[in-house]
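**Q**
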Amino acid sequence: MDDPYQDRTMPADYGSNNDYEADDLLADLENLKPPELDYYAVLNLSKTASDDEIKDSYKRLSRIFHPDKHSDPALKEAAETKFHVINKAFEVLSNPQLRTAYDEYGEEGLNTKWEVGHKIKTPQELREEYARLAREKREMELESLVRSKNDITINVDATKVFKNSSIPSPFGGTTFVKKSRGGILSALKRTEIMQLYMKNSFETQFGARTQFIVGGQMTSRSGMGGGNVVGTIRHAFSEKLNVELGSSLLNPRIGVFKGTYSIDPLTFLTGTAQVRHFQGPAPLVLTLGRRITKGATGYMTYRTGEWAIGPWGPAFDMRREFSSLALGVSSQDENRSYQVEVQTGIMQSHLSVDHTWTLDSSTKVRVGGSMSTTAGINMSIGGDRKVTEHTKIGLAVEVGLSGGVAFNIKIKRLGQSITIPIVLAAEFNPKLALWATVLPVCAVTALDIGYVKPKRKRVRAQKVQELRKVHADFIATQKKEAEEAIELLRESTVRKTRQEQEWDGLVIVEALYGNLTAAPELGLVANVTIPVQALVNSSQLSMPGGHSKTHILGFYDPCLGEKKQLRIRYEFQRRMHELTVSDLASVAAPVRYDI
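Last residue of the sequence shown: number 595 in UniProt numbering, and the count goes up by one each step with no gaps.
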């Protein structure tokens, strides 16, 4: 059966709701630090804004914030500071190369010299080039963390704990004795370790395209065992062709050759040959895959098994592996993934299906099943949860109608993993299977709801309080600059309001931004009526990016690290309305609230 813990989906970023999500509760000081200046927010633009939209926004803001437009010395000085930022934002976003670097890396991208090929590349080509550089950088950072990988698997037999023992009866037949009531320690004494498997590997880089991997493995079963050391060289001849060549250093000698070739951006071909001896041709595994939709890939895998060319090779009745052909579809997105495979072969055929749901950024649940001509019907249900930044714990239950019940525990941290499959029953036991599923789920849920989430919520609240103290000066500065921007906007906004009133257009009566559920005396709400009215044009309110605006336009974060709302009371055609960011469906037709 497939690994019930196999990670088949990409991490998903879920939006917040009225309660604390797991990812919110795990937010650290780094994520809650004051946000960097957003040039798109400075010009009130979306990240998909066209060149004309950038120019129009720059001209509109220049008419308001240009220092020559103000005679008051204090306002003139404030206007100079803000006009400098507006100019900088326009300079970056109007330059295709600077804009691409900023989109990928932010301010850091503007201060770095990039070697991305010929300068006459199109903006899309530049964007793809920067994305490639960013991906390679992330991959190198990740590889530096997991160059050493270690896997430990401990197979435990606990069948004696959950079944009655039997002794011969002096009157003939068998007498069954109930399980001992000696408690947990007595039960643990009846468990046995069936097998111990350990694997360790270390990877080092030789040049930009070549890696060398040394790995060792050891297996112990019933007091007997063995091991081997394997060396592998992996080389990328081009972006299309990758080759691996590996060999064991001890007996039994095994050589492995693997190659992957990208026929086109949507199609790939992979081949693997494993040489155990030279008494016959090497068994081959060939896979042809092609992306059939945005997130789904179809594939066909052919396994030759052990085969012969005339007298060279094992006879049919001496073969341990046989040929098979498998067809499958694998798909994944941010919220879920699935895989379906049908295999037909000389000795073994199967149908397998599994589905994984991403509940939040920390939790995944997987359900799978298979029907096989050799193993019968098997089902599994499992899940894993990220408990720290680099640590993940998984639990799974596997049930076979002809193979018993097993409970699996897996702990992963960076490149290290420990897997403990525990066999609870050698035969199918529906009662045991039910309790093996229900009890862990209930225990984990109770622990999460009763202890983990409340604790994380308290820790987060404490961090938020610390943030307010640490960044008190920053918040005060942002508030001061936002108030200066409001004064600069006031005159033009008054004129705009009068015009809207004349033709029964859109008039912002009141706009509040911050933690609207907090007590007013805490000062966690900012009045942004004038900034919001300044964003009204021709009776339409356009706020790309929602309410995440900058102090340059009169906004600031009054409650750093907390959930915020933007509530707007407005008048349109002499009728009063109210809007909040969580109730976008109530927006009147003339009001465009772009997110």
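Positions of the beta carbon are idealized from the N, C-alpha and C atoms, including for glycine. Keep in mind that this is a model prediction, so the values were computed, not measured.
Find out if the Cβ-Cβ distance for the pair S402, G369 is shorter than 7 angstroms.
**A** In this structure, G369 does not lie closer than 7 angstroms to S402 by Cβ.
**Q** Just grab the DSSP bridge partners of M576 for me.
**A** E571.
**Q** Can you tell me where the alpha helix (DSSP H) with E510 in it begins and where it stops?
**A** Where E510 is concerned, there is no enclosing alpha helix (DSSP H), although the beta strand (DSSP E) it sits in stretches over 506-514.
**Q** Under the three-state reduction of DSSP, which class applies to V528: helix, strand or coil?
**A** Coil, per DSSP.
**Q** Helix, strand or coil, according to DSSP, for P421 in the structure here?
**A** Residue state, collapsed to three classes: strand.
**Q** With DSSP as the reference, please indicate the residues paired to Y299 in a beta bridge.
**A** Per DSSP, G289, G328.
**Q** Measuring only the C-alpha atoms, how far is L506 from R574?
**A** For L506 and R574, the distance between alpha carbons rounds to 9 angstroms.
**Q** Rounded C-beta distance between T297 and R291? I'm assuming under 8 angstroms.
**A** Contact holds; Cβ gap of about 5 angstroms.
**Q** Do L250 and S220 have their beta-carbon atoms positioned less than 7 angstroms apart in this structure?
**A** In this structure, L250 does not lie closer than 7 angstroms to S220 by Cβ.
**Q** Between which two residues does the alpha helix (DSSP H) carrying K480 extend?
**A** Per DSSP, K480 belongs to the alpha helix (DSSP H) from 472-502.
**Q** For the beta strand (DSSP E) that contains F212, what are its first and last residues?
**A** Unbroken beta strand (DSSP E) run through F212: 210-221.
**Q** If G305 sits next to F322, beta carbons under 8 angstroms apart, how far is it from one beta carbon to the other, in whole angstroms?
**A** Right, their Cβ atoms sit about 4 angstroms apart.
**Q** Starting from Q274, follow its DSSP beta bridges and name the residues at the other end.
**A** Its beta-bridge partners are V256.
**Q** T260: which of G289, N228, S324 sits nearest, CA to CA?
**A** Selected option, being the one with the closest Cα: G289.
**Q** Return the first residue and the last residue of the alpha helix (DSSP H) that L61 is part of.
**A** Its alpha helix (DSSP H) spans residues 51-65.
**Q** When DSSP labels each residue in this structure, what does H70 get in the three-state scheme?
**A** If DSSP states are grouped into helix, strand and coil, H70 belongs with coil.
**Q** Would you kindly work out how many angstroms separate the C-alpha atoms of H277 and P314, rounded to a whole number?
**A** Approximately 11 angstroms between the Cα atoms of the pair.
**Q** Is DSSP giving E398 helix, strand or coil here?
**A** Three-state DSSP puts E398 in a strand.
**Q** Going by alpha carbons, who is nearest to I418 out of A534, N155, I86?
**A** With distances taken between Cα atoms, I418 lies closest to N155.
**Q** For T293 versus V285, is the C-beta spacing smaller than 7 angstroms?
**A** Not a contact, by the Cβ cut-off of 7 angstroms.
**Q** Cα-Cα, which of K88, A158, E389 is closest to A436?
**A** Of the listed residues, the one whose Cα sits closest to A436 is A158.
**Q** How close, in whole Å, do the beta carbons of I552 and L489 come, if the pair is a contact with beta carbons under 8 angstroms?
**A** Contact doesn't hold; Cβ gap of about 10 angstroms is too wide.
**Q** Inspect the beta-carbon positions of L434 and V405 and report whether they are closer than 7 angstroms.
**A** For L434 and V405, no; Cβs fall outside 7 angstroms.
**Q** Does Y40 come out as helix, strand or coil in the three-state DSSP assignment?
**A** Three-state DSSP puts Y40 in a helix.
**Q** List the whole-angstrom C-beta distance separating R336 from T356, where the pair is believed to meet the contact cut-off of C-beta under 8 angstroms.
**A** Confirmed, Cβ separation roughly 6 angstroms.
**Q** Nearest to A236 by CA position, among T267, S262, G216, R190, is which residue?
**A** When only C-alpha atoms are compared, the closest one is S262.
**Q** Provide the residue span of the beta strand (DSSP E) that contains T153, from first to last.
**A** 148-157 is the span of the beta strand (DSSP E), which, as asked, contains T153.
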